[in-house]
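The structure under discussion appears below in the form of structure tokens.
Residue numbers (our numbering): 73 to 254.
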């Protein structure tokens, strides 16, 4: 099972202006650095929380149809499923549409009504493309996540050159938001 980003978020988890206000910076000479730190902190936060913050399109691959007719997407908050495609043993691609989407559950799920009666390609035979995230802009992100991103940006800004470690209190802010599934 693999997960890859198809379309990156169109906006930042927190705006550069928001980060500058948090850092109490009123000059523009560090704007590019702060923008980069916001992006890096958001990516690190998404990895730690195992969820998408800003709307983005992802692809997840599976090796086989699930025996319980249920696939769980690896990056909540699921907004929609764009497609479910599969490769037969000859690597011919087909689109499957006999499923329902449960975007209200956390994490989101795809519930299959049936499966095609073909042999799948040995590895990565099923590809699910989906849209995930809290929303398209900073205003959709829960405040606790924005605070965690801002705290990490501040830490990295102040500790430039010391590496990109994540202090335990900030790590815990992200992991408290971690998506859990069984």
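The beta carbon of each residue, even a glycine, is placed where N, CA and C say it ideally should be.
Computed from a predicted model, the values in this text were never measured in an experiment.
Reduced DSSP category for residue 168 - H, G, I as helix; E, B as strand; rest coil: strand
Where the beta strand (DSSP E) containing residue 157 begins and where it ends: Note, residue 157: beta strand (DSSP E), 150-159.
DSSP-derived helix/strand/coil call for residue 163: DSSP places residue 163 in coil when its eight states are reduced to three.
Local Cβ density within 10 Å of residue 93, reported as buried at 16 or more and exposed below that: exposed
Touch test, the segment 109-121 against the segment 131-146, Cβ-Cβ under 8 Å, three pairs minimum: no
Beta-carbon proximity list for residue 88, same chain, < 8 Å, skipping 5 on both sides: 103, 106, 107, 110
Nearest-angstrom Cα separation, counted from residue 150 out to residue 159: 24 Å
Whole-angstrom C-beta distance between residue 169 and residue 133, which should lie under 8 Å: Not really, about 18 Å apart at Cβ, beyond 8 Å.
Cutoff 8 Å; reference residue 192; Cβ partners in own chain excluding five residues on either side: Cβ neighbours of residue 192 beyond the five flanking positions: 135, 136, 137, 158, 159, 160, 161, 198.
Nearest-angstrom Cα separation, counted from residue 189 out to residue 206: 36 Å
Check whether residue 220 and residue 236 have beta carbons under 8 Å apart: no
Nearest candidate by alpha-carbon position, reference residue 187, set 153, 96, 141: 141
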